[in-house]
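Here the structure is laid out as structure tokens; the discussion comes afterwards.
Protein chains: 2
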Amino acid sequence: MKPTLTDVAREARVSAITVSRVLNSPDTVRPETRVKVESAIDKVGYVRNMLAGSLASASSRVIAAIVPSLSNVVFIEVINGLQNEFERHGYQILLGNTDYDLERECQLVRTFLGWSPAALIITGLRHSDACQRLLKQWEGPIAEIMELGEAIGLNVGLDHAEAGRCMARHLVERGYRRIVYVAAQIERDYRAGLRYQGHREVLQAAGLEAPLLDMDQLGQFETGARALDQVLTLHPNTRAIHFANDDLASGALLHAHRQGIHVPQEIAIAGFNGLPIGRHVTPRLTTIVSPREAIGRMAAQQIIARLEDEHAPHSSHDVGFTLSVGEST
Amino acid sequence: MKPTLTDVAREARVSAITVSRVLNSPDTVRPETRVKVESAIDKVGYVRNMLAGSLASASSRVIAAIVPSLSNVVFIEVINGLQNEFERHGYQILLGNTDYDLERECQLVRTFLGWSPAALIITGLRHSDACQRLLKQWEGPIAEIMELGEAIGLNVGLDHAEAGRCMARHLVERGYRRIVYVAAQIERDYRAGLRYQGHREVLQAAGLEAPLLDMDQLGQFETGARALDQVLTLHPNTRAIHFANDDLASGALLHAHRQGIHVPQEIAIAGFNGLPIGRHVTPRLTTIVSPREAIGRMAAQQIIARLEDEHAPHSSHDVGFTLSVGEST
DNA sequence: ATCTATTATGTTAGCGCTAACATATGACGG
DNA sequence: CCGTCATATGTTAGCGCTAACATAATAGAT
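Below, the structure is given as structure tokens:
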């Protein structure tokens, strides 16, 4: 049978609670007792039961994190930022993946809340009604990340519409007139939709049309390559493509290179995210750099602050973005 | 106060255990009772407490997964494979990141075992002694992934030495003689070291030297680019570089392109992993395709089989690899 | 109607830990 | 040598659920 606290206590000739204290607040027990208990722990090979502890104290050192996809580097980097920060403070991450499905998100939230997590990190501001209700009822800290706006809890992200405007302005300033916006599954990846809205505003203000091409797979190189072909077929006069992300844009850029299409002379290409690849292709990709790891880190820091000081306020953090102009536009 | 099972039971005028059964084995309760209970659950807004359930049953629906890094797409894809398979069966993933540190791995294993996970997935076969002991003592299913060999539990992976040999043979057959192997932090990423050993065997058998360049950052584009420069400085006659992974190799390839160095005429470049980018650069990257998602999926499937049938045997699965010859060699 | 076999539900105890309070131990001044 | 305070340790009860067994309700066979 697996040894329990009581076994350790017996071995060390102390009570169970003393062992518990050695584990949870070592400086409240006398050093000699502590040593005795610690060697007993080693001796019996005790492994702490987190379930029991969390149940008894009604709080766990688990952080529930819910992202829409793991195939997208962006969320990976966010998770990485969360991990690094939380791990240093002794929290574990329980990871959920909604596949951009709000029903699944709701289901995940429900399950995760059942683990009495110390906090909940969730991507985006759009949730199903049931999910909204669950989140509002819950007392623990919540962080909604990536996107800025009307949040239930903490909010760390950037203004996607503004990012869309920023890039559109850049393209218009560069003199491009026939500009297509290309996204992949814009319904699900609605943040790409928000950027498109910003993009369209700027183009319409400049008296231009803002055609949209929505690819039916999620953004990868292959899709970007195919999108380039489609744009050139459907809108042959197109002079610039504003891609919803760098994966698509890089795919198109590399494809253009293979096809002998000159970028930006024949067609300009812009992306979003600022992935490393964009700086290593020739011509370098014009893109908007989003501070992804910083989003994770900052969300984690804010959450930790709240966990340590109950009454830190629910604040909103604009992490901003940077236009990085390469030679692709 | 948060509603508990008992609250639901009272509302539905049944006993707590009946509610528990509706949740855990719905087909053992009469449909009418089930409906009654389900509407009571809705009415009181019951959220299941996983901690209590897992404690009482000494088993949770959490899978502990430990990987060395989240910055490396490879592990992300593995996790993705795990996720997809496990989520369908109602398991959640508790994610740990060792940063290629065996001490940290041990710590993580210890913590994770405290969550009474249904299974443990761990990367690689090398663990600290303490970790080995922990793993051996634990009764639940363990899967060691990525690498093939002497495993404690299930083993799903590929033969890295053989992969190294395979690529080295390819390079030798192509007529390259001065070949450098480039890795990043080969001590920590010891699977890259295993590939190097295979590589060296083949080269030595062919009467060739097998110089190694070990970069001090983990593999990204930038490091690959810098490695190319260093190789050309340190070993100016080098005709081919065998990179430990596709990130490095692509970084070098894109850098060569920027510098006007012709690949493969002046220098040949090979990678490992088969990342999408390799097929989209010009020339296409010669690489070894490792079935990363398949590793995750298969590990998950095997674990699930074991969870459902206690006595499925601990087996070893070679997922293999494929040499994908591009124009870069 | 009676006796099984089957299915549906309930009762009791306890998973391993910690909160909250209770008690013991020692340090120190008067 | 006692009382007070501070520190160290112990006692008790219970977190919310499920395993294991007990009982009730129903169906079918005689």
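The listed protein sequences derive, respectively, from chains A and B.
Heads up: the first sequence is residues -6 to 322, going by this note's numbering.
Heads up: the second sequence is residues -6 to 322, going by this note's numbering.
All residues carry an ideal CB built from backbone N, CA and C; glycine is no exception.
Item to check | Whole-angstrom distance between A:D92 and B:M139, CA atom to CA atom | outcome: 25 Å
Next on the checklist: Distance check for A:V1 and A:Q210, CA to CA, integer angstroms please.
Outcome noted: 56 Å
Checklist entry - How would you call B:H192, buried or exposed, if buried means at least 16 neighbouring beta carbons within 10 angstroms? => result buried
Next on the checklist: For a test of the three-state rule: what should DSSP assign to A:I72, helix, strand or coil?
Outcome noted: helix
Checklist entry - How far does the beta strand (DSSP E) with A:E325 in it reach, from first residue to last? => result Nothing in the structure corresponds to residue 325 of chain A, since chain A is present only between -6 and 322.
Checklist entry - Looking only at its own chain, which residues have a Cβ that is under 8 Å from the Cβ of B:D239, when we skip the five neighbours before and after it? => result G264, F265, N266, G267, L268, I270, G271, L278, T280
Checklist entry - Per DSSP, what kind of secondary structure is A:I260 in: helix, strand or coil? => result coil
Checklist entry - How about B:G168: is its C-beta nearer than 8 Å to some C-beta of chain A? => result no
Next on the checklist: Taking beta-carbon pairs under 7 Å, can you tell me which members of the segment 270 to 286 of chain B lie near chain A?
Outcome noted: I270, H273, V274, T275
Next on the checklist: Can you tell me where the beta strand (DSSP E) holding A:F236 begins and where it ends?
Outcome noted: 233 to 236
Checklist entry - Whose C-beta lies closer than 7 Å to the C-beta of A:G244 among residues of the same chain, with five residues either side of it excluded? => result Q213, F214, E215, T216, G217, A218
Checklist entry - Helix, strand or coil for B:D20 per DSSP? => result helix
Checklist entry - Smallest Cα separation from B:S53: which of B:Q85, B:T275, B:I260? => result B:Q85
Item to check | B:G289, DSSP secondary structure in three states | outcome: helix
Item to check | Any non-hydrogen atom of the ligand MN within 7 Å of B:T(-1) CB | outcome: Here there are no bound small molecules, and the ligand MN is not part of this structure.
Checklist entry - Where do the ends of the alpha helix (DSSP H) carrying A:Q85 lie? => result Run containing A:Q85: none in the alpha helix (DSSP H); it sits in the beta strand (DSSP E), 85 to 90.
Checklist entry - At a Cβ threshold of 8 Å, is A:T322 touching chain B? => result no
Checklist entry - How far does the beta strand (DSSP E) with B:S317 in it reach, from first residue to last? => result 315 to 317
Checklist entry - Would B:I10 be called buried (16 or more neighbouring beta carbons within 10 Å of its own) or exposed? => result exposed
Next on the checklist: Checking 8 Å against the spacing of the C-beta atoms, do A:L201 and A:I179 come in under that value?
Outcome noted: no
Checklist entry - Is B:G117 near B:E143, with beta carbons less than 8 Å apart? => result no
Item to check | Environment of B:K29 [buried if 16+ CB atoms lie within 10 Å] | outcome: buried
Checklist entry - Taking the Cβ atom as the reference point for each residue, do B:E286 and B:N65 lie within a distance shorter than 8 Å? => result no
Next on the checklist: Which residue marks the beginning of the alpha helix (DSSP H) containing A:D240, and which one marks its end?
Outcome noted: 239 to 252
Checklist entry - By Cβ distance below 6 Å, which residues in the same chain neighbour A:A176 in space, the five residues on each side in sequence not counted? => result A185, D207, A237
Next on the checklist: From the DSSP secondary-structure annotation, give me the bridge partner or partners of A:L206.
Outcome noted: A:V175
Checklist entry - Using the beta-carbon count (16 or more within 10 Å), is A:P276 buried or exposed? => result buried
Checklist entry - For B:A58, which option in B:H304, B:I114, B:S308 has the closest C-alpha, if you only look at C-alpha atoms? => result B:I114
Checklist entry - In chain A, what lies closer than 7 Å to B:I86 by C-beta? => result L88
Item to check | CB contact check: B:M43 to chain A, cutoff 8 Å | outcome: yes
Checklist entry - For B:N73, which residues in chain A fall below 7 Å Cβ to Cβ? => result L63, S64
Item to check | Extent of the continuous beta strand (DSSP E) to which A:D122 belongs | outcome: Counting along the chain, A:D122 falls outside any beta strand (DSSP E), though it belongs to the alpha helix (DSSP H) covering 122 to 130.
Checklist entry - Using the rule of at least 16 other Cβ atoms within 10 Å of the residue's Cβ for burial, across every protein chain shown, is A:G253 buried or exposed? => result exposed
Checklist entry - Taking a cut of 8 Å between CB atoms, which residues from the segment 140 to 153 of chain A lie near chain B? => result none
Next on the checklist: Please classify B:G289 as buried or exposed, where buried requires at least 16 neighbouring CB atoms within 10 angstroms.
Outcome noted: buried
Next on the checklist: Counting C-beta neighbours from all protein chains within 10 Å, is the total for B:S308 16 or more, i.e. buried, or is it exposed?
Outcome noted: exposed
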